[in-house]
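First up is the structure itself, then whatever we jot down about it.
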Ligand SMILES: [Cu+2]
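Numbering (the working numbering), first residue to last: 11 to 214.
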């Protein structure tokens, strides 16, 4: 599968939004931090070179999806291109002279959708919306505290995440049980994101 070179740019953008650009630099914040932004279903990107494409959030190229309403992070990375999407019920575009990163919520119906840059005829592509096509997959971090390591591994993989670094520490939890996980349960992340685990050595 072809990987999307700009996915690191996206990650940085999301982290920037999530990590509290709003919070840093202010003396005091009242109330809980803002919720993290929703992980987009897709990334639609044009530029900065003569490239245009549509991808899943993990950078894999997207070609076929089921009908539905989706969140799309658009990256128009050049002042020379736009991103123009047309198809059943949809006609949306970014501006040519601006670099912009809008989030679109779009309802796709069965049929063929076309995307292009309105300046460069060679920058174009299509994807198909069809009943029965595989939906986008995300990592939904499960709660594995108290599980054995074997069970935690299974559940993390079933949730389309990956097992990250495993370490051990003393705790009140029974020896061999998961005493800490990072990130915490309930987060929705890019498919294959690593969940780090700390296994209890039993009370010290
Ligand atoms: Cu262009």
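Quick reminder that beta carbons are idealized off the backbone N, C-alpha and C, glycines included.
Supposed contact pair residue 72 and residue 84 - C-beta distance, whole angstroms, cut 8 Å: Not confirmed; about 13 Å, so no contact.
Coil, strand or helix - residue 106 by DSSP: coil
- Query: Does the beta carbon of residue 64 fall short of 8 Å from some heavy atom of ligand 1?
  - Reply: no
So, helix, strand or coil for residue 175, using DSSP? strand
**Message:** Can you confirm whether the stretch 150-167 touches the stretch 191-208 when touching is taken to mean that 3 or more C-beta pairs between the two stretches lie within less than 8 Å?
**Reply:** yes
Identified DSSP bridge partners for residue 191
207
Original post:
What residue range is occupied by the uninterrupted alpha helix (DSSP H) comprising residue 49?
Top reply: Element bounds for residue 49: n/a, residue is neither H nor E.
| said: For residue 138, list the residues DSSP reports as bridge partners. | reply: 74, 122
- Task: Let me know the secondary structure DSSP gives residue 148 once reduced to three states.
- Result: strand
| field | Alpha carbon of residue 41 to alpha carbon of residue 197, nearest angstrom | value | 20 Å
Buried or exposed: residue 168, going by 16 or more other Cβ atoms within 10 Å of its Cβ?
exposed
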